[in-house]
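In UniProt numbering, the protein residues as written are 1 to 65. Beta carbons are placed, not taken as given, at the ideal position from N, Cα and C, and that holds for glycine. First comes the structure, then the notes that go with it.
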């Protein structure tokens with residue numbers, strides 16, 4: 001799945017809610033380079049494209065199969 005102009009940008013809070021993880025876990029995964037690829041906005045906030053998040057999750061689904 002490739003990003004499109006209409007691809008939804010998810011906030012850290014939305015990612016954490018969807019995965020049922022803490023913000024600390026999300027940022028730790030970023031430090032370890034194991035979390036989904038993110039975009040840092042000019043105001044410093046982090047966003048993740050919905051398509052990037054879906055592709056990242058799919059990698060784990062394939063491993064479990």
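**OP:** Counting only the same chain and skipping the five closest in sequence on each side, list residues whose C-beta sits under 8 Å from that of residue 9.
**Re:** 39, 47, 48, 49 and 50
Subject >> Cβ separation of residue 26 and residue 34, assumed to be a contact under 8 Å, to the nearest whole Å >> reply: About 11 Å separates the two Cβ atoms, so there is no contact after all.
Original post:
Below 7 Å between beta carbons: does that hold for residue 36 and residue 17?
Top reply: no
Original post:
Of all the beta strand (DSSP E) runs that stay within the bounds of the UniProt domain "Helix-turn-helix" (9-59), which reach a length of 3 or more residues?
Top reply: 9-11 and 46-49
Original post:
When the Cα atoms are used, what is the spatial distance from residue 60 to residue 11?
Top reply: 21 Å
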